[in-house]
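Below is one structure, written out as C-alpha cells; the observations come after it.
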Amino acid sequence: MSTRDPHIRNVMLYEFHRGSNAAEAARNICAVYPNAVSERTVREWFVRFRGNNFSLEDLPKSGHPEELDNDALRQLIDRDPKMTTRELGQILGKHHTTVLTHLKSIGKSFLHTVWVPHKLSQDNLLQRITISSSLLARQKLCPFLDRVVTGDEKWILYVNPDNRGQWISKDQVPLTTPKPGLHPRKVLLCVWWDIHGIIYYEMLNMGQTITAEIYCQQLNRLRQALNKKRPAMLNRKGIILHGDNARPHVAKITHEKITEFGWELLPHPPYSPDIAPSDFHLFRSMQHFLKGRDFKDNGAIEKALEDFFDSKNEKFFRDGIECLPQRWEKIINNDGNYFIE
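The sequence shown begins at 376 in the numbering used here and counts up one residue at a time.
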C-alpha cells in the first residue's frame, strides 16, 4: 500500500481525529501496513487537516491553471505570517507555486524575521512610552538636546570579517570568510559625545570590562575634557548625561558622582538601544568603517578610531542627537514596541 491508496489516507485522517501527532500516526499505520507511509508525508497531510481541509484527493499538479480564494489566503497569512507556501497549499488544496503567485498578486513579499534586542514585557513597553512621552513633551516646551552628552561602550575586535555578498559566475567558487572564534580578541572602547562631536574616549586594557568604580573614574576624566572642550556647557547650560541602564551606569556610587558634579541624568528605559544615539548612530557607522580590517595591537585600533572620528563632521553628530524626538514619537505611536528601520 501507499499514500495514493484511499484507505491509507482515511487511516491518516482517523489518526488525526484521534489526536495522534505525525510521528505516532506514522508508527501506528506502519505497524499494520509496513512502509506504507513516512512521518514527513503524515506531517504534510496533518497540516492540511489542521486547516480544516479534509479532502483526501490529490493536490492539482503544478503548471495547471488554478483558481484560489485570495480572501482565504489573506486570512491565513494574517493569522500566521510565518506559514510556508507548501503549508498554505496543503490547507487550501492548491499547489505551492499557485499559492506563491497569488501571494505576490495580493502584495505579499517574503522577508526574514527581524531580530530585536529584547522580548519586551508589558512593564517594559509602558516604561518606553512613559519616558518617551515625557522627554518629547520636555523638548517641545524647553529644547535641551544641545545640553546632552551621551556615551556608551563597544567591543572592538582585532579581526573584523567582511561578510558581504559577492557577484560571481556560475562556474566560480565564492570567496570564504571564517567566523570569529567563540572568544575573539577584543578591547572595550568607552566614548562620550554631543551635537558638536567627540568629547572624550578611551580604551580599556585587554580583557578589562566596566565596573561602577572604573566608570566613576572615567566620569572624572570626562569632566576634565568638558572643562577644556565645552566650558560654556559645563559652567552655564548644565550637563545632561545620557547613557543606557547597564549596571555600572546606574550604580549608587555612579549616581552620587553625577550628583556631586551637579549634572542631570537623562531617563532612559531598559532594553532601548533604538533611542540610544551611540547604538543606533555612532556605533553602527563605526562598525561599517571597521569592517574588513585586522589590527595587530591597541595602537593600530586607536589609530583607526582617530581616523573614523576625524572623518565625521559636526552634522553627523548633530543628526545623531537631534533625531531623538522623532524616535521618541515613533515609540509612542508604536505602543512602546521596537520600530523597524
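Built from N, CA and C at the ideal position, the CB exists for glycine as well. None of the values given here were measured: they were computed from a predicted structure.
By the neighbour-count criterion, in which a residue is buried when 16 or more other Cβ atoms sit within 10 angstroms of its Cβ, residue 387 is buried. Between residue 522 and residue 457, the beta carbon gap of about 45 Å keeps them out of contact (Cβ cut-off 8 Å). For residue 572, the enclosing beta strand (DSSP E) covers residues 572 to 578.
Distances from the alpha-carbon of residue 382 to those of 399, 431, 400 put 431 closest. Secondary structure of residue 565 (DSSP, three-state): strand.
With 16 or more neighbouring CB atoms inside 10 Å of its own CB, residue 528 falls in the buried class.
From the listed residues 507, 658, 467, the smallest Cα separation to residue 564 is found for 658.
Comparing C-alpha distances from residue 444 to each of 609, 480, 459, 572 shows the shortest one belongs to 480.
Sequence-distant Cβ neighbours of residue 385 in its own chain, meaning closer than 8 Å and more than five residues away, are 431. Bridge pairing for residue 473: absent [DSSP]. Counting C-beta pairs with one atom in each stretch, the stretch 620 to 634 and the stretch 581 to 590 have three or more that are closer than 8 Å, which means they touch. The stretch 495 to 512 makes contact with the stretch 706 to 714; the number of CB pairs closer than 8 Å reaches 3 or more. Approximately 11 Å separates the beta-carbon atoms of residue 468 and residue 427; this is outside 8 Å, ruling out the contact. Residues of the same chain with a CB within less than 6 Å of the CB of residue 617, apart from the 5 flanking positions on each side, are 523, 525, 641 in chain order. With fewer than 16 other beta carbons inside 10 angstroms of its own, residue 450 counts as exposed.
When DSSP states are grouped into helix, strand and coil, residue 585 belongs to the coil group. Counting along the chain, no beta strand (DSSP E) covers residue 453; the unbroken alpha helix (DSSP H) around it starts and ends at 445 to 454. Cβ-Cβ separation between residue 466 and residue 422: approximately 7 Å, consistent with a contact (criterion under 8 Å). In the structure shown, the three-state DSSP call for residue 528 is strand.
Residue 639 carries a strand assignment under DSSP once its states are collapsed to helix, strand and coil. The bridge partners DSSP lists for residue 615 are 523, 639. Residue 531 is not a Cβ neighbour of residue 644, given a cutoff of 8 Å.
For residue 534, the pairing in a beta bridge is given by DSSP as 669.
Counting C-beta atoms within 10 angstroms of its own C-beta, residue 407 has fewer than 16 neighbours from the protein chains shown and is therefore classed as exposed. Cβ contact annotation for residue 395 (same chain, cutoff 7 Å, sequence separation greater than five): 403, in chain order.
Using a Cβ distance threshold of 8 Å, residue 597 and residue 633 do not count as a contacting pair.
Ranking 677, 646, 448, 694 by CA distance to the CA of residue 572 puts 694 first.
In the DSSP annotation of this structure, residue 458 is not part of any alpha helix (DSSP H), being labelled neither H nor E. Cβ-Cβ distances below 7 Å link residue 655 to 648, 649 in the same chain, with the five nearest sequence neighbours on each side left out; the list follows chain order. Non-local beta-carbon contacts of residue 513 in its own chain, meaning distances under 7 Å to residues more than five positions away in sequence, involve 519 in chain order.
Taking the Cβ atoms as the reference, residue 668 lies roughly 14 Å from residue 538, outside the contact range of under 8 Å. By the neighbour-count criterion, in which 16 or more other beta carbons inside 10 Å mark a residue as buried, residue 390 falls on the buried side.
Under the three-state reduction of DSSP output, residue 392 falls in the helix class.
In the three-state reduction of the DSSP assignment, residue 493 falls in the coil class. Annotation for residue 624: the continuous alpha helix (DSSP H) segment containing it runs 622 to 625.
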